[in-house]
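To start, the structure itself, in structure tokens.
Residue numbers (my numbering): 10 to 180.
Now the structure itself:
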């Protein structure tokens, strides 16, 4: 079984996937980290040196390979992954997908501390960040909403979120 976590940057995908994979003894794959490992470049470096279109092609190829595996995997997707190609459809066909939803305020608070690691927001001011997130979420929620399960992460302990995922998937 593959469990795919989707959501906007800062929604908790990396943190929750780590706890979940340990608790249910599944292999953990963070899609962005896997792309970085395979290409020996960070995501910001890939964006800077090769551009977003190149990155999205790598992302799709890596996603397809992971989803074709026979392993038990918790897969943490990049925030933009569901938006490109028909990625959300293949995620749903080949895994159990879970949308980790968080409010604009929560997302802004979480990601403002990591701007240097996030190429899409690196140059956005603190005061403009909530508006940027709101615009992005408006565009992306259509794709995130295609996930088979939807879990709110606002003001919740990671362990509670993980337990809800396990409950929803009957693990």
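Built from N, CA and C at the ideal position, the CB exists for glycine as well. Source: prediction; values computed, not measured.
Specify the secondary structure class of residue i as computed by DSSP and reduced to three states.
i           : result
residue 39  : strand
residue 6   : No information on residue 6 is available, as it lies outside the stretch 10 to 180 that the chain covers here.
residue 174 : helix
residue 132 : coil
residue 86  : coil
residue 112 : coil
residue 104 : coil
Exposed or buried, which one is residue i when buried takes at least 16 other CB atoms within 10 Å?
i          : result
residue 86 : buried
residue 66 : exposed
residue 96 : buried
residue 64 : buried
Quick check on this structure: which residue in the options has the alpha carbon closest to the alpha carbon of residue i?
i           : options             : result
residue 140 : 16, 97, 73 and 113  : 113
residue 172 : 18, 25 and 17       : 25
residue 163 : 12, 118 and 68      : 118
residue 74  : 51, 130 and 99      : 99
residue 149 : 35, 90 and 64       : 90
residue 76  : 60, 143, 36 and 167 : 36
Keeping to the same chain, check which residues put their C-beta closer than 8 Å to that of residue i; ignore five residues upstream and five downstream.
i           : result
residue 101 : 155, 156 and 157
residue 161 : 110 and 111
residue 45  : 51, 52 and 55
CB residue i to CB residue j, shorter than 7 Å?
i           : j           : result
residue 106 : residue 15  : yes
residue 71  : residue 43  : yes
residue 12  : residue 83  : yes
residue 20  : residue 39  : no
residue 130 : residue 122 : no
residue 167 : residue 28  : yes
Skipping 5 residues on each side, what residues in its chain have a beta carbon closer than 6 Å to that of residue i?
i          : result
residue 10 : 81
Excluding the five sequence neighbours on either side, which residues of its own chain have a C-beta within less than 7 Å of the C-beta of residue i, listed in chain order?
i          : result
residue 18 : 88, 120 and 127
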